[in-house]
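Asker: Taken in sequence, the protein lines are chains D and P. For the first sequence, my numbering assigns the number -7 to the initial residue and increments by one for each residue that follows. For the second sequence, my numbering assigns the number -7 to the initial residue and increments by one for each residue that follows. No residue lacks a Cβ here, since even glycine has one placed at the ideal position from N, Cα and C.
Protein chains: 2
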Amino acid sequence: MSGPVIPVYMQIVDTMLERIEQGELTPGDRLAPERALAGDFGVNRRTIRQALEVLERRGLIERRQGSGTFISEPRMERGASEFFHFTERIRQRGFAAGSEVLSLERVVPSPFVATELEISPDAEIYRFHRLRTISSRPVLIETFALPADLVPGFDAFDVTERSVYEIMRTEYDIHVAYARQSLEAVALSQIEAQWLGASPGAPAMLERRLAFDEQGRPVDFGTDLYRGDRVRFVTDAATVAVPTGTEVSAAP
Amino acid sequence: MSGPVIPVYMQIVDTMLERIEQGELTPGDRLAPERALAGDFGVNRRTIRQALEVLERRGLIERRQGSGTFISEPRMERGASEFFHFTERIRQRGFAAGSEVLSLERVVPSPFVATELEISPDAEIYRFHRLRTISSRPVLIETFALPADLVPGFDAFDVTERSVYEIMRTEYDIHVAYARQSLEAVALSQIEAQWLGASPGAPAMLERRLAFDEQGRPVDFGTDLYRGDRVRFVTDAATVAVPTGTEVSAAP
DNA sequence: TGCCATGATTGGTATATACCAATCTGACAT
DNA sequence: ATGTCAGATTGGTATATACCAATCATGGCA
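Structure below.
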């Protein structure tokens, strides 16, 4: 009648994340061989491999056949502090950045959200919507889902004035390090259009976001919905081959 | 002795990619159960699972415990700061990439285009539109404007089969090195919708592009117009791109 | 000293087996 | 008709075992 069943390989993932966090393992270090880890943890080698596959997909380790498994350099590029600061960016351009909280509640997440955040389906989250304005004109709706266990009492803070990630950093010592994100074009629903002062069906830019902290824990799952006529994303590119996760290869 | 050793699970991946490409399996279809596939292919269930894991990571299938494994809706994914090799990327994902030239003419550009390309207002350009398809379904309309002085006789080449930048490179020794790009959400016009097989007003992603060669000369000015429901731009933090990363700007 | 065969090490692939967990189906009771 | 529950179906996790492929370290030879 225990709580949620956490698979063994995920427990091993957590253990290794801790070791990385504690500094027992630092970038460049080589892990023990899979067979040795299997012995240490008292599990089958296959189970260790499942755990390593998770860590590899998150970019925390690198595996080289015949050589070993190594802790990778943390991918902090375009880190939270630079990337997510809507307010400073807008003010630097000489506009007035505004903010309004549309909703804030503590709820049980949908199974999908729970899965993405890697929390048990009955653990709660803080979910809220925030409207962002430039020169008093609505520009985007932000949606956040934060695991309540990580940020207990989050609703005590004023999300109108402060950055969400800044609160997580200073109040909870959670440092958002990187995010998986994607952009797509969508049509505004009725309610979204109303919030943004646009017409239903008008084009908008939807950014999906799953943010991780330095230990690779998912800490925020949400979206940014931009009015299509009020935002442009600059994506300058060089021809240099860019090794992104979207590249397809035999190796995971 | 024998050629390169392709693991069995990758051969199975290839087989399934073919079936998807051939239309034997279409989005929404349910695959046979893993145990049945194992029997069909004459391999262990674990091997089938390895193949399915690859397909899942590529976003081609979706697995639901207790329910089955399903072909997902094809969506082209690309990094926001990559703009080359449409064809290769699509084929790597196991889809058939198609191409159709909608127009090709040598004309005097508008003053705006002439300014962007830094050519005299009466110098001519090659202007053309190309429709790109994935599995025979329209995905984007490309628009190009190339200074005619740089690529004389460009209309002699078959833009249906060859990459524009590849032609510029091999036939004219012009090496596209860099592009200033931006992304925005727009609504499809009547004619655009017709080409893309969508409804007028449907959301789309407009990418504006000004490409430069290694000497910093503007060599191409154009746009890519993506159907909003058939493309997703991945903007992970994993791609370096700090200096020219994604920025938000207030639209004029 | 320098090179390179050779074996040990390490991750990669594959089989066989078993049981768990989520979902769906259909018979049955109301 | 409608709701409910038991069993079947299907993907998920885990063990034990074996061998292959890439890499590395060692020691002998020129």
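What's the C-alpha gap between D:Arg201 and P:Gly34?
Answerer: 41 Å
Asker: Against chain D, with Cβ distances strictly below 8 Å, would P:Asp132 count as a contact?
Answerer: This sequence places Leu at residue 132 of chain P; Asp is not what is there. Taking Cβ atoms only, chain D never reaches closer than 8 Å to P:Leu132, which makes this a no.
Asker: So that I know if they touch, is there some Cβ in chain D lying closer than 8 Å to that of P:Glu54?
Answerer: no
Asker: Assuming P:Ile159 and P:Phe149 make a contact with CB atoms under 8 Å, what is their CB distance in whole Å?
Answerer: 5 Å
Asker: Under 8 Å, do D:Leu175 and D:Met197 count as touching if we go by C-beta distance?
Answerer: yes
Asker: Would you kindly work out how many angstroms separate the C-alpha atoms of P:Ser128 and P:Gly90, rounded to a whole number?
Answerer: The straight-line gap from Cα to Cα measures roughly 7 Å.
Asker: Considering only their Cβ atoms, is the gap separating D:Pro130 from D:Gly51 smaller than 8 Å?
Answerer: no
Asker: Taking the C-alpha atoms as reference points, what is the distance between D:Asp212 and D:His167?
Answerer: 11 Å
Asker: Exposed or buried, what is P:Gly220 when buried is set at 16 or more other beta-carbons lying within 10 Å of its beta-carbon?
Answerer: buried
Asker: Taking DSSP as the reference, what is the three-state secondary structure of D:Arg70?
Answerer: Note that D:Arg70 scores 30 on pLDDT, short of 50, meaning its location in the model is unreliable; the coordinates nonetheless yield the value given after this. Three-state DSSP puts D:Arg70 in coil, outside helix and strand.
Asker: Could you tell me whether the Cβ atoms of P:Ile111 and P:Leu138 are closer together than 8 Å?
Answerer: no
Asker: Under 8 Å between the Cβ atoms of P:Phe62 and P:Arg27?
Answerer: no
Asker: Mapping DSSP to helix, strand and coil, what is P:Pro25?
Answerer: coil
Asker: Apart from the five residues just before and just after D:Arg70, which ones in its own chain have a Cβ nearer than 7 Å to its Cβ?
Answerer: Only weak support exists for where D:Arg70 lies, its pLDDT of 30 falling under 50; the coordinates are left without a value.
Asker: Assign D:Ala177 to buried or exposed, taking buried as 16 or more other Cβ atoms, counted over all protein chains shown, within 10 Å of its Cβ.
Answerer: Around the beta-carbon of D:Ala177, 16 or more other beta-carbon atoms lie within 10 Å, marking it buried.
Asker: For D:Asp205, count the other beta carbons within 10 Å of its own beta carbon; 16 or more makes it buried, fewer makes it exposed. Which is it?
Answerer: By the neighbour-count rule (16 or more Cβ atoms within 10 Å), D:Asp205 is buried.
Asker: Closer than 8 Å, Cβ to any Cβ of chain D: which residues of the stretch 176 to 197 of chain P, in chain order?
Answerer: Glu176, Ala177, Val178, Ala179, Gly193, Ala194, Pro195, Ala196 and Met197
Asker: Could you tell me which chain P residues have their CB closer than 7 Å to the CB of D:Ser174, listed as they occur along the chain?
Answerer: Arg224, Phe225, Val226 and Thr227
Asker: With DSSP collapsed to three states, give me the class of D:Phe75.
Answerer: Confidence is the limiting factor: at D:Phe75 the pLDDT is only 47, short of 50, which leaves the residue's position unreliable, though a coordinate-based value still follows. D:Phe75 falls in the helix class under three-state DSSP.
Asker: Any beta-carbon of chain D closer than 8 Å to the one on P:Gly208?
Answerer: no
Asker: Using only the alpha-carbon positions, how far apart do D:Val143 and D:Thr152 sit?
Answerer: Each residue's alpha carbon lies about 17 Å from the other.
Asker: Quick check: the Cα distance between P:Val0 and P:Thr7, rounded to an integer number of angstroms?
Answerer: 11 Å
Asker: As a quick exercise: from P:Glu108, P:Ala194 and P:Ala115, pick the residue whose alpha carbon is nearest that of P:Gly214.
Answerer: P:Glu108
Asker: Can you list, in chain order, the residues of its chain whose CB lies under 6 Å from that of D:Arg67, leaving out five sequence neighbours each side?
Answerer: Here D:Arg67 scores only 43 on pLDDT, less than 50, and its place in the model should not be relied on; the value that follows carries that caveat. The beta carbon of D:Arg67 sits closer than 6 Å to those of Gly51 and Tyr170, all from its chain and outside the five residues before and after it, given in chain order.
Asker: Which residues in the same chain as P:Pro192 place their Cβ atom closer than 7 Å to its Cβ, once the five residues preceding and following it in sequence are excluded?
Answerer: Leu180, Ser181, Gln182 and Ala185
Asker: Along the alpha helix (DSSP H) that carries P:Glu176, what are the first and last residues, could you check?
Answerer: Looking at the DSSP string, P:Glu176 is not in any alpha helix (DSSP H); the run it does join, the beta strand (DSSP E), is Val168 to Ala179.
Asker: Check D:Ala196 in the structure and name its three-state DSSP category.
Answerer: strand
Asker: Please confirm whether D:Gly90 has its beta-carbon closer than 8 Å to some beta-carbon of chain P.
Answerer: no
Asker: How close, in whole Å, do the beta carbons of P:Ile40 and P:Leu29 come, if the pair is a contact with beta carbons under 8 Å?
Answerer: 5 Å
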